[in-house]
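Engineer: Here it is, the structure, as structure tokens.
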Amino acid sequence: MTRRLLLSYLTLAALVLLCLEIPLGFVYSRGERERVINAAKDEAEAVSAFASLSISAGRAAQDLPERAAHCAARIGGKVLIVDRAGALLASSHPLTEDEVRTLAASPGLATALQGTATADVRTSTIGGVQYLAVATPVRHGVQEQGAVRITVPTRMVHERVHHVWLLLALGGFATLTAVAALGFVIARWTGRPIRELEHATHELAVGGTATPVAITNGPPEVRSLAATFNRTAARLEHLLASQRAFAGEASHQLKTPLAALRLRLENLENDIALHARGSLTAALTETDRLARMVEGLLAMARLDESAAERETVDLGAVCAERHRAWTPLYQQYGVWLALAGDYTGEVLALPGAVEQILDNLLSNALRVAPPGSTVSIDPRHHTPRTPHERRFPHRHPHRPASPAWVELHVMDEGPGMTEEQRRRAFDRFWRAPDAPKGGTGLGLALVQRLAHASGGEVVLQPAPRGGLDAVVRLPAVPARTGVPAPRSPARPLQTTATGRR
């Protein structure tokens, strides 16, 4: 904002200066030209009066050469005096014979010798130098006695004009400098309330507590905006505090009665007739499903209010650890859990996000995988290349592979999903019509939220062997030469919502 205000001040000042100085410069320039021309005319008239007296006294040959030389030296030009026949009487500079013979026919002198009252002002080039020529007649009363021509280099006129423009330019620059200094102070003072609002908004956006903004500074619109922001920040802080309190208390308030309900149902098993055992088992299953749903909702609530920073995670180590943890359970169901892939580097993700993503995807895959099938965990590096490199990969054999993204594939050999089902799979509480019982419809929704919060994405696509391929893309950490990659500290496994489909 400061830059824009300062730019507006300078633009307005520059426009005002241009509108004032350009006409003023032309007026002064024209005035300087007229002043130089008038000075030349006055000098020519003075020489003409002196020549008239000298000719009348018969001392033209003695006085005029000295007078012409003195005048030429004073004005920095040339002085030429001729009689009424055009013959040379005196000259401040040497002339050739041809120039002497053609003096009477020269435009300025010819007009003056005819006794014209107005002086003839012409600009001519003599010896490669431009001159301003002023010619005036020499007369005694009504008798024409000759003419005087004074030539002054136009360099003098140009120097005076350039001097005027230089003064105007320096004055304009000094004015703009003063406007810039004063405008910067005013812009900083004007934008101070806006900067305070920006700082408070930034603190609120990153999850901190917004400090109330003073509403006594700035124009009325800014004060009104500050008051509205303070009310909004206070309300938002109250809502976040309420959500944190709910997420913390609901874990105990909801888990305890669910655990007690399951315990009571299990205690009824010995007192229920055999034909009613199926209903008891169904009630226990629904209780487990309700517990998982509560855990999933609480996990998503904690994710909504969390403002955790991303950190580097060793993807290969996490995949290996989750593979070891899930292998015994897969063996109980007769399903083979395979760990493949060619990526063993690090990715950027929220703390614990990769573990929760894998747990949910592996739980979903186990529910749909038929006995004897295989579920694969396959982390792969994905290196985008230029079109030229994709077309001629053999010409860049030593190009270092620095993947921008890492793809984590979890593939099963189950029934898969249709295209419409894959589009709706990330909706909360949505389950496929033919999905196994026991799911809550929150697993993939949580996976998507975790992937987005980590700066990545997740998509579902058909697997090569007929099942479903869940692809999670996460930003990769570039390899650093000579510096060991940081390891993520070990942390306990967080509760996950499983049974998505």
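Residue numbers (this note's numbering): 4 to 504. All residues carry an ideal CB built from backbone N, CA and C; glycine is no exception.
(1) Hey, out of T421, A448, E416 and G417, whose CA is closest to R431's CA?
(2) Considering only the alpha carbon of each residue, which of I380, L342 and G319 lies closest to V350?
(3) In the DSSP assignment, find the unbroken beta strand (DSSP E) run with P465 in it and report its ends.
(4) By Cβ distance below 8 angstroms, which residues in the same chain neighbour T219 in space, the five residues on each side in sequence not counted?
(5) Just tell me which of R87, V141, A43 and V164 has its CA closest to the CA of V155.
(6) Compute the distance between the beta-carbons of P215 and N233, then report whether it is under 7 angstroms.
(7) Between E206, L242, E199 and A208, which lies nearest to L228 when the distance is taken from Cα to Cα?
(8) Since A341 is in the alpha helix (DSSP H), which residue starts that stretch and which ends it?
(9) Taking only three categories from DSSP, how would you classify V85?
(10) Sort T99, V378, F29 and E147 by Cα distance to L169 and report the nearest one.
(11) Measure the C-alpha to C-alpha separation of V19 and A63 and round it to an integer number of angstroms.
(12) Which word fits W192, buried or exposed, when buried means at least 16 other C-beta atoms lie within 10 angstroms of its C-beta?
(13) Helix or strand or just coil, what does DSSP make of Y134?
(14) Using beta-carbon positions only, say whether L9 and G186 come within less than 7 angstroms of one another.
(15) Check the C-beta distance from E24 over to L242 and give it rounded, since I have them as a contact under 8 angstroms.
(16) Grouping DSSP H, G and I as helix and E and B as strand, with all else coil, what is A473?
(17) Using a threshold of 7 angstroms, state whether the C-beta atoms of V413 and L364 are closer than that.
(18) Compare the beta carbon distance of A150 and V85 with 7 angstroms and say whether it is the shorter of the two.
(19) Nearest-angstrom Cα distance between A537 and C22?
(20) Taking the alpha-carbon of L83 as reference, which of G61, A479, T288 and S109 has the nearest alpha-carbon?
(21) Would you list, in sequence order, the uninterrupted beta strand (DSSP E) runs of no fewer than 3 residues that lie entirely inside the region 49 to 97?
(22) Grouping DSSP H, G and I as helix and E and B as strand, with all else coil, what is Q148?
(23) With H, G and I counted as helix, E and B as strand and the rest as coil, what does DSSP make of L271?
Structural biologist: In brief:
(1) The residue labelled residue 431 in the question sits at position 428 within the sequence shown. Answer by Cα proximity: A448.
(2) Indexing the sequence shown from 1 puts residue 350 at position 347. It is G319.
(3) The sequence position of residue 465 within the sequence shown is 462, counting from 1. Run containing P465: E460 to P465, per the beta strand (DSSP E) assignment.
(4) As a working note, residue 219 is residue 216 in the sequence shown. Contacts found: R226.
(5) Numbered from 1 along the sequence shown, position 152 holds the residue referred to as residue 155. When only C-alpha atoms are compared, the closest one is A43.
(6) By one-based count along the sequence shown, residue 215 stands at place 212. By one-based count along the sequence shown, residue 233 stands at place 230. Yes, they are a contact pair.
(7) For the purposes of this step, residue 228 is identified with residue 225 of the sequence shown, where counting begins at 1. The option with the nearest alpha carbon to L228 is E199.
(8) Along the sequence shown, read from residue 1 onward, the residue named residue 341 stands at position 338. First-last for A341: W339 to L342, but that is the beta strand (DSSP E), not the alpha helix (DSSP H).
(9) As a working mapping, residue 85 is identified with position 82 in the sequence shown. Note: V85 maps to strand in three-state DSSP.
(10) In the sequence shown, residue 169 corresponds to position 166, counting from 1. When only C-alpha atoms are compared, the closest one is F29.
(11) Locating residue 19 in the sequence shown gives position 16, counting from the first residue. Locating residue 63 in the sequence shown gives position 60, counting from the first residue. Near 58 angstroms, if we compare the C-alpha coordinates of A63 and V19.
(12) Start at 1 with the first residue of the sequence shown, and residue 192 comes out as number 189. Exposed.
(13) Here residue 134 refers to the residue found at position 131 of the sequence shown. Here Y134 sits in strand by DSSP.
(14) Here residue 9 is taken as the residue at index 6 of the sequence shown, counted from 1. Here residue 186 is taken as the residue at index 183 of the sequence shown, counted from 1. Taking C-beta atoms as the reference points, L9 and G186 count as a pair closer than 7 angstroms.
(15) As a working note, residue 24 is residue 21 in the sequence shown. As a working note, residue 242 is residue 239 in the sequence shown. Not really, about 59 angstroms apart at Cβ, beyond 8 angstroms.
(16) To locate residue 473, count along the sequence shown from 1; it is residue 470. DSSP places A473 in strand when its eight states are reduced to three.
(17) Numbered from 1 along the sequence shown, position 410 holds the residue referred to as residue 413. Numbered from 1 along the sequence shown, position 361 holds the residue referred to as residue 364. L364 sits close to V413, with the two beta carbons spaced by under 7 angstroms.
(18) Here residue 150 corresponds to residue number 147 of the sequence shown, with the count starting at 1. Here residue 85 corresponds to residue number 82 of the sequence shown, with the count starting at 1. Taking 7 angstroms as the Cβ cut-off, A150 and V85 qualify as a contacting pair.
(19) Given that the chain is displayed from residue 4 to residue 504, the structure contains no residue 537 and the question cannot be resolved.
(20) Your numbering for residue 83 matches position 80 in the sequence shown. Checking every option, the nearest Cα to that of L83 belongs to S109.
(21) 81 to 86 and 91 to 94
(22) To locate residue 148, count along the sequence shown from 1; it is residue 145. Q148 falls in the strand class under three-state DSSP.
(23) Taking the sequence shown and counting its residues from 1, the one referred to as residue 271 is at position 268. Note: L271 maps to coil in three-state DSSP.
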